[in-house]
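Visitor: Structure in structure tokens, see below.
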Amino acid sequence: MYMFKFKGLIGFLFASVLLLSCTKSTGYKKKLDVNCRNLEPQKLEVVEFNKVLFGLDTANFEAEYRAILPQFEAFLIEDPSEQEVGYMKDFVTDTFMLKINELVYETFPDIDKVSEEIKGVYQHYRYYYPDFNVPPTFTYVSGIYSNRPHSIDAECALIGLDFYLSNNDLIYDKLGFPRYQSRRLQPAYLTRDIAEELYYYTFGNRINQKTVIDEMVAQGKMLYFIEAMNPALPDSVILGYSTPQMEWAQDNEGAVWAAVVGNNMLYTNNVDNKRMLFNDGPFTAPFGDASAPRLGDYIGLQIVRSFMTNNDETLQNLMKTTDYQDVFQRSQYKPRK
130 MYMFKFKGLI
140 GFLFASVLLL
150 SCTKSTGYKK
160 KLDVNCRNLE
170 PQKLEVVEFN
180 KVLFGLDTAN
190 FEAEYRAILP
200 QFEAFLIEDP
210 SEQEVGYMKD
220 FVTDTFMLKI
230 NELVYETFPD
240 IDKVSEEIKG
250 VYQHYRYYYP
260 DFNVPPTFTY
270 VSGIYSNRPH
280 SIDAECALIG
290 LDFYLSNNDL
300 IYDKLGFPRY
310 QSRRLQPAYL
320 TRDIAEELYY
330 YTFGNRINQK
340 TVIDEMVAQG
350 KMLYFIEAMN
360 PALPDSVILG
370 YSTPQMEWAQ
380 DNEGAVWAAV
390 VGNNMLYTNN
400 VDNKRMLFND
410 GPFTAPFGDA
420 SAPRLGDYIG
430 LQIVRSFMTN
440 NDETLQNLMK
450 TTDYQDVFQR
460 SQYKPRK
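What follows is the structure, given as structure tokens:
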């Protein structure tokens, strides 16, 4: 956003459930079954910036907007120009933005429930990284034009709730989102995406790997990290699959692995192979329109899970490693038949 100092929100103005307990389990699941209930934060206050912003009196907008700046100094420009304040007023009076904000209220009527879910992610993160200081956390309306609606750093965390409206009022259809993407824009994905943002905050942006197997393991590491931050997440949400896609991936894991190995893809840097296995879409073309997309992500997660099951390694050590060949070799991965 023009008026935001916060990284990743440049286009804001212009473009305008967590379960903390786990059942007894084995393998990698047992490692993820951690007791973090007593860690901070015991209570998380999530401030609804969207509620404050859209609640300002438009007849006296500049004065009221400037009055709230100290409350949100972590991500708002300290002394915006008159023109910049005007952009913000245009944003909150735009009829489409008003509709989006209304849908946010309808979808998330109880901010305390949202706070509890986010708190659980923070507690799991602090279990593994105890030096983490929980930042002030705010919700906002992004305008649904940012690819990554969340941003987390040491100063604050911003969460764009308008990316979880379940396509109510066909809002995402109106914005031109393909259905395979908008299907994932629902409340069940909120903690998953916050965990992903914590991954980027901790380890930086993902770097494309040279070979297919390296890319699989790298993607698997990130997805395993997401799972560790909220072990109650179903695989379909971790991977962003529909129920039929999840079932297809599980039923055809062996066939996919056989095709990858049989066509000598594992150790190649072929662009077409990578596009087929890792690019997002409604399905993976060579396997038919009933197949799941991003099958490289799916296999990568299974490899990393197998590695954590068969080796005495911590999440922290897993995340530090860049020897993806070693992870693959020690994983003893065997696909489902």
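Converting from the sequence shown to the numbering used here requires adding 129 to each position, the first position being numbered 1.
For every residue, glycine included, the Cβ atom is placed at its ideal position computed from N, Cα and C.
1) Within the continuous alpha helix (DSSP H) that includes F436, where are the two ends?
2) Determine the DSSP secondary structure at Y353, reduced to helix, strand or coil.
3) In angstroms with no decimal places, state the Cα-to-Cα distance between S311 and N164.
4) CB-CB under 8 Å to K303, same chain, minus the five flanking residues each way: which ones, in chain order?
5) What's the call for L294, buried or exposed, on a 16-neighbour Cβ count within 10 Å?
6) Which stretch, first to last residue, makes up the beta strand (DSSP E) that contains A324?
7) Taking DSSP as the reference, what is the three-state secondary structure of S280?
8) Going by DSSP, what residue range makes up the alpha helix (DSSP H) through L304?
9) List in chain order: all unbroken alpha helix (DSSP H) runs of 4+ residues lying wholly within the segment 151 to 234.
10) When the Cβ atoms of the segment 407 to 427 are set against those of the segment 448 to 463, are three or more pairs found closer than 8 Å?
11) In whole angstroms, what is the alpha-carbon distance linking I288 and F436?
12) When you compare each of V433, Q315 and K350 to G156 by their alpha carbons, which one comes out closest?
13) I need the DSSP call for I288, collapsed to helix, strand or coil.
14) Could you tell me if R195 is buried or exposed, where buried requires 16 or more neighbouring beta carbons within 10 angstroms of its beta carbon?
15) When you compare only the Cα positions, how much space is there between C151 and P360?
16) What is the rounded straight-line gap between the Cα of Y301 and the Cα of L227?
17) Roughly how many whole angstroms lie between the Cα atoms of M351 and K242?
18) Can you tell me which of N337, P316 and Q338 puts its alpha carbon nearest to the alpha carbon of D93?
19) Give me the residue from L185, E231 and K248 with the minimum Cα distance to M217.
20) Give the straight-line distance between the Cα atoms of L142 and I336, rounded to the nearest whole angstrom.
21) Helix, strand or coil for F261? Go by DSSP, reduced to three states.
22) Report yes or no: do the segment 400 to 409 and the segment 313 to 331 share at least 3 C-beta pairs separated by less than 8 Å?
23) When we look at the beta-carbon of N446 and count the other beta-carbons within 10 Å, is it buried (16 or more) or exposed?
24) Under the three-state reduction of DSSP, which class applies to Y453: helix, strand or coil?
25) Expressed to the nearest angstrom, what Euclidean distance is found between the alpha-carbon atoms of N398 and Q338?
Guide: Working from what's here:
1) Against the sequence shown, residue 436 aligns to sequence position 307. L424 to N439 is the span of the alpha helix (DSSP H), which, as asked, contains F436.
2) Your numbering for residue 353 matches position 224 in the sequence shown. If DSSP states are grouped into helix, strand and coil, Y353 belongs with the helices.
3) What you label residue 311 is simply residue 182 of the sequence shown in a count that begins at 1. What you label residue 164 is simply residue 35 of the sequence shown in a count that begins at 1. For S311 and N164, the distance between alpha carbons rounds to 34 Å.
4) Here residue 303 refers to the residue found at position 174 when the sequence shown is read from its first residue. Cβ within range, chain order: n/a, list empty.
5) For the purposes of this step, residue 294 is taken as the residue at position 165 of the sequence shown. It counts as buried.
6) Taking the first residue of the sequence shown as position 1, residue 324 is located at position 195. Per DSSP, A324 belongs to no beta strand (DSSP E); it is in the alpha helix (DSSP H), L319 to F332.
7) Counting from 1 along the sequence shown, the entry for residue 280 is found at position 151. It is a strand residue.
8) For the purposes of this step, residue 304 is identified with residue 175 of the sequence shown, where counting begins at 1. Counting along the chain, L304 falls outside any alpha helix (DSSP H), and DSSP gives it neither H nor E.
9) 156 to 161, 178 to 183, 190 to 197 and 211 to 222
10) no
11) Sequence index remark: in the sequence shown, residue 288 carries index 159 (1-based). Sequence index remark: in the sequence shown, residue 436 carries index 307 (1-based). In a straight line, the C-alpha of I288 is about 33 Å away from that of F436.
12) Along the sequence shown, one-based indexing puts residue 156 at 27. The shortest C-alpha separation from G156 is found at V433.
13) As a working mapping, residue 288 is identified with position 159 in the sequence shown. The answer is strand: DSSP assigns I288 an E or B state.
14) Mapped onto the sequence shown, residue 195 falls at position 66. So R195 counts as exposed.
15) Counted from its first residue, the sequence shown places residue 151 at position 22. Counted from its first residue, the sequence shown places residue 360 at position 231. Caution applies to C151, whose pLDDT of 34 falls short of 50 and renders its modelled position unreliable; the value that the coordinates give is listed next. Straight-line Cα distance between these residues: approximately 8 Å.
16) Position 172 of the sequence shown, counted from the start, is the residue given in the question as residue 301. Position 98 of the sequence shown, counted from the start, is the residue given in the question as residue 227. If you take the alpha carbons of Y301 and L227, they lie about 15 Å apart.
17) In the sequence shown, counting from the first residue as 1, residue 351 sits at position 222. In the sequence shown, counting from the first residue as 1, residue 242 sits at position 113. Approximately 26 Å, taken between the alpha carbons.
18) Outside the displayed span of the chain (130 to 466) sits residue 93, for which this structure offers no information.
19) Your numbering for residue 217 matches position 88 in the sequence shown. Selected option, being the one with the closest Cα: L185.
20) Taking the sequence shown and counting its residues from 1, one reaches residue 142 at position 13. Taking the sequence shown and counting its residues from 1, one reaches residue 336 at position 207. Interpretation of L142 is limited by its pLDDT of 36, a score under 50 that renders its predicted location unreliable; the figure taken from the coordinates is listed afterwards. About 29 Å.
21) On the sequence shown, position 132 is the one that residue 261 refers to. Note: F261 maps to coil in three-state DSSP.
22) no
23) Taking the first residue of the sequence shown as position 1, residue 446 is located at position 317. Burial call: exposed.
24) Within the sequence shown, numbered from 1, the residue matching residue 453 stands at position 324. Reduced to three states, the DSSP call for Y453 is helix.
25) In the sequence shown, residue 398 corresponds to position 269, counting from 1. In the sequence shown, residue 338 corresponds to position 209, counting from 1. Each residue's alpha carbon lies about 8 Å from the other.
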